[in-house]
Structure formats: structure tokens, C-alpha cells
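FYI, the numbering for the sequence shown is 5 to 347, going by my numbering. C-beta atoms are modelled at their ideal positions from N, C-alpha and C, and glycine is treated no differently. Quick caveat, the model's predicted, so the values are computed rather than measured.
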Amino acid sequence: MPRIQIIDDDVLTLASLGIQLEDAGFSVTKSSDLTHAEQAYVEERPDLVVLDVRSDRERGWELLERIADSTPVIVLSAAAREEDVVRGFAAGAVDYIAKPYRSAELLARLRVRLAIPVPVAALAVSAAPTPAAPAAPAAPKVGTTERLAETRPPAPPPRRSSARRDDDEEAVFMSEAEEMALLRIPDPRLVTEPAEAAPAPDEGESIGKRLRGERLRRHLTLVQVENELKIRMSYLQAFEDEKYTLLPRGPVALQMVRSYVEFLGIDPEPVVAEFRAQHYVDQYEPLPALGGSRMPRSLPTWVIWTVAVLLALAVAVGAILYFDPAFFQNLWAQIMGLMPQPQ
């Protein structure tokens with residue numbers, strides 16, 4: 005049984021790849037630490053090493069250079085740039101596979117490097133005998149080439165090999181185009197008749213039913229609307245289910261309603277007006293003690309005028325005392341002179 009050592013610091017990849025190789029009939033040694041991996045390599049001397057060169061902060065490149073001369077090494081790494089592949093082959097790797105990898109392709113490359121024949125099940129289809137062609141009636145004598153062409157049995161129709169079938173069954177990744185096509189498929193729980201378009205929403209229905217009906221009529225999913233409008237799917241679902249308590253308060257909810265309605269091609273003004281009249285809630289302002297804005301304070305007008313007059317008098321008296329200190333004494337003497345003297 006061929007021995008394969010897997011060296012990768014990604015424990016998820018290490019576990020899944022180890023199970024796949026063990027199921028394929030290999031003896032597998034797994035290492036997530038380069039120091040332990042090199043010790044295990046010296047002790048067991050595997051027939052082939054599957055190495056991620058980015059393991060342990062790029063130290064996998066050094067290990068590749070040390071062991072590539074004595075053991076074939078297949079690099080399985082997310083470092084898939086052209087310079088990385090060239091560097092891997094220059095260091096001695098016999099093959100270079102980029103992540104994410106295809107399981108069937110990896111197994112096929114391992115069998116080629118280890119000179120293991122393809123399983124008999126994969127060759128059963130191609131080795132199946134073909135029925136003999138019926139005997140042709142006697143024909144006039146022709147050339148050798150023409151005679152071979154006439155007696156040759158018809159070629160069997162092309163059959164799908166088991167290797168290709170295993171590749172399809174084990175593939176776990178899909179392209180972006182396939183993912184987007186999958187998202188465009190309407191939900192069968194919501195669309196009862198996919199072949200027919202949903203009826204146009206009735207103007208008398210509630211806001212949520214109108215929005216849901218128009219979205220289904222356009223064959224749009226909530227994921228698509230969320231990606232286009234940058235509005236959380238939970239808010240879109242709350243609009244359609246009419247659970248308006250789950251929406252944010254204030255003008256933000258009005259803006260989301262307007263954006264969603266305009267995206268569906270509905271006149272936004274009646275819908276926004278109805279939402280404002282029935283379900284709109286003003287933004288809650290916290291108390292000043294809890295971080296809210298402080299309430300403005302104002303003094304009565306008479307207090308302001310009294311303070312102004314007193315300040316003016318104080319300034320005037322101060323100025324008189326500064327420029328004419330005897331002013332008040334003279335003023336008092338004049339006032340006393342005007343008063344009648346007692347007999």
C-alpha cells in the first residue's frame with residue numbers, strides 16, 4: 005500500500021484530504037506542524053508527499069527544497085500565481101495543484117506519480133465487448149481499403165467514463181455564474197405555478213402584500229434585492245410580512261420604503277404616504293441623563309433687562325470715581341446746602 009504524507013497547517017483541508025486518500029486505498033500520515041512533519045518524514049520515508057508551501061508562515065518552501073531530491077513532492081497550495089508555480093517546480097516539485105482543488109483530479113495525479121493503475125471499475129465501461137455487426141451480403145470485389153471500411157463494425161456511441169462521473173460527484177465548488185443562476189430560481193414555496201407570472205398586485209391590498217406580489221412577479225429573490233439596494237434582508241422581510249416593529253425608527257425607515265418601492269417599479273408617493281400615516285414612528289430621543297441632547301434653557305426677559313441696567317449703573321459709578329473722586333462729596337455738599345437749616 006503506497007504511503008503518502010500530507011503536510012498542511014489548515015486542519016480542515018488536512019482532515020478532508022486524509023479521508024479521501026484513505027478511502028482511495030492509500031496509507032496516509034497527516035502533519036500540521038513542519039517540525040513534526042519533518043520528523044515523521046525521516047522515520048517513515050513516505051512514497052510521496054503532498055505539501056502546502058504556505059504552511060507555518062511560508063516555511064514550506066524550505067522543506068520542499070530539503071526533501072524534493074529524495075521523495076516526489078506534489079505542492080497543493082493556494083499560492084497559485086505564475087511566479088509561485090515556477091518557484092515550486094524550480095525547488096523540485098513534481099506537480100503543482102492550486103486550491104481549491106478537484107478531488108478526482110488530485111487522485112488521478114497521485115496515481116500517475118505512484119504508477120498505480122486505474123481501478124478496474126473505471127475501465128469496465130471501455131472494456132465491455134461490443135456486439136458483432138451482422139454479416140454483410142456479398143459485394144463486388146473492391147480494393148483493400150474499401151473492403152476494410154465496409155466490414156468494420158459501427159463504432160459504439162460515446163459513453164461517459166466512470167472517472168468523469170467520479171469527478172462530477174466529488175466536485176464541491178461551483179462557478180459564480182452557476183451560483184447566480186441558482187439564486188434567480190424562484191422559491192417553489194412562494195410561487196405555486198412557476199410557468200406563469202404572478203398576477204399584478206392589487207391597489208387595495210396592504211403594503212406588504214403589494215411588495216411581495218410585485219417582487220414575485222419580477223422573479224426576484226430577497227438576496228438579489230439586498231445586493232442591489234444594500235438593505236438587510238431582515239428589513240425587506242419585515243416590510244413584506246408587515247412586521248413594522250422590526251424596522252428602525254425615524255426617516256431611515258421612510259428612505260428604505262422609498263428605495264424598495266422604486267426598485268420594484270411602483271409609484272413611491274402613495275406607498276410612502278400610506279406608510280407614514282399608518283406605521284411611521286418618530287425617532288426616539290433618549291433622556292439627557294442617558295446620553296441624549298440637553299434641553300435648551302432660557303431666562304425671563306425682565307431678569308435680563310434688570311441685570312443690564314445694574315451693570316450699566318455700576319460701570320457709570322466706577323468711571324466717575326476713577327476720573328473725579330471728589331464728585332460725590334461735592335454733590336452731597338450741594339444737596340445739603342439746598343436743604344433748609346434748622347433754627
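#1: Buried or exposed: where does residue 74 fall if 16 or more other Cβ atoms within 10 Å of its Cβ makes it buried?
#2: Would the beta-carbon of residue 101 fall within 9 Å of that of residue 68?
#3: Taking residue 19 as part of the alpha helix (DSSP H), name the residues at either end of that continuous run.
#4: Measuring alpha carbon to alpha carbon, tell me which residue in 232, 119, 270 and 274 is nearest residue 216.
#5: Sort out for me which residues DSSP pairs residue 41 with in a bridge.
#6: Can you find the residues in the same chain that come closer than 7 Å, C-beta to C-beta, to residue 59, ignoring five residues on each side of it along the sequence?
#7: Do the CB positions of residue 99 and residue 113 come within less than 9 Å of each other?
#8: Quick one: residues in its chain with C-beta nearer than 8 Å to the C-beta of residue 230, no 5 flanking neighbours on either side, listed in chain order?
#9: Who does residue 73 pair with in a DSSP beta bridge?
#10: Out of 110, 18, 65 and 8, point me to the one whose CA is closest to residue 48's CA.
#11: Looking at the structure shown, is residue 49 part of a helix, part of a strand, or coil, going by DSSP?
#12: Buried or exposed: which applies to residue 72, given that a residue is buried once 16 or more other Cβ atoms fall within 10 Å of its Cβ?
#13: What would DSSP say about residue 98, mapped onto helix, strand or coil?
#14: Can we count residue 265 as close to the ligand NAP, meaning its CB is less than 8 Å from some heavy atom?
#15: Could you give the C-beta distance for residue 94 and residue 57, rounded to a whole number, given that I count them as a contact under 8 Å?
#16: From which residue to which residue does the beta strand (DSSP E) around residue 34 run?
#17: Which two residues bound the contiguous beta strand (DSSP E) that contains residue 8?
#18: So what does DSSP say about residue 120, is it helix, strand or coil?
#19: Can you tell me the Cα-Cα spacing of residue 214 and residue 279, whole angstroms?
So, to answer that:
#1: One-based indexing of the sequence shown puts residue 74 at position 70. Exposed, by the Cβ-count rule.
#2: In the sequence shown, counting from the first residue as 1, residue 101 sits at position 97. In the sequence shown, counting from the first residue as 1, residue 68 sits at position 64. No. Outside cutoff.
#3: What you label residue 19 is simply residue 15 of the sequence shown in a count that begins at 1. DSSP places residue 19 in the uninterrupted alpha helix (DSSP H) bounded by 15–27.
#4: In the sequence shown, residue 216 corresponds to position 212, counting from 1. Proximity to residue 216 across 232, 119, 270 and 274 peaks at 270, based on C-alpha coordinates.
#5: Position 37 of the sequence shown, counted from the start, is the residue given in the question as residue 41. Bridge partners of residue 41 according to DSSP: none are assigned.
#6: One-based indexing of the sequence shown puts residue 59 at position 55. Non-local beta-carbon contacts of residue 59 in its own chain, meaning distances under 7 Å to residues more than five positions away in sequence, involve 11, 12, 13 and 38 in chain order.
#7: On the sequence shown, position 95 is the one that residue 99 refers to. On the sequence shown, position 109 is the one that residue 113 refers to. Yes; because the gap between Cβ atoms is below 9 Å, this pair is in contact.
#8: Within the sequence shown, residue 230 is the residue found at index 226, counting from 1. Here the set comprises 236, 237 and 240.
#9: One-based indexing of the sequence shown puts residue 73 at position 69. Under DSSP, residue 73 forms no beta bridge with any residue.
#10: In the sequence shown, residue 48 corresponds to position 44, counting from 1. Comparing Cα-Cα distances from residue 48 to each of 110, 18, 65 and 8, the minimum goes to 8.
#11: In the sequence shown, counting from the first residue as 1, residue 49 sits at position 45. Annotated three-state conformation of residue 49 is coil, per DSSP.
#12: One-based indexing of the sequence shown puts residue 72 at position 68. Counting Cβ neighbours within 10 Å, residue 72 comes out buried, since at least 16 surround it.
#13: Taking the sequence shown and counting its residues from 1, the one referred to as residue 98 is at position 94. In the structure shown, residue 98 sits in coil (DSSP, three-state: anything other than H, G, I, E or B).
#14: The model depicted lacks the ligand NAP and carries no ligand whatsoever.
#15: Translated into the one-based positions of the sequence shown, residue 94 becomes position 90. Translated into the one-based positions of the sequence shown, residue 57 becomes position 53. Between residue 57 and residue 94 the Cβ distance is about 12 Å, and since that is not below 8 Å, they are no contact.
#16: For the purposes of this step, residue 34 is taken as the residue at position 30 of the sequence shown. Per DSSP, residue 34 belongs to the beta strand (DSSP E) from 31–35.
#17: Translated into positions along the sequence shown, residue 8 becomes position 4. Start and end: 7–11.
#18: Along the sequence shown, one-based indexing puts residue 120 at 116. Of the three classes helix, strand and coil, the one that applies to residue 120 here is coil, per DSSP.
#19: Within the sequence shown, numbered from 1, the residue matching residue 214 stands at position 210. Within the sequence shown, numbered from 1, the residue matching residue 279 stands at position 275. Rounded to the nearest angstrom, the two C-alpha atoms are 13 Å apart.
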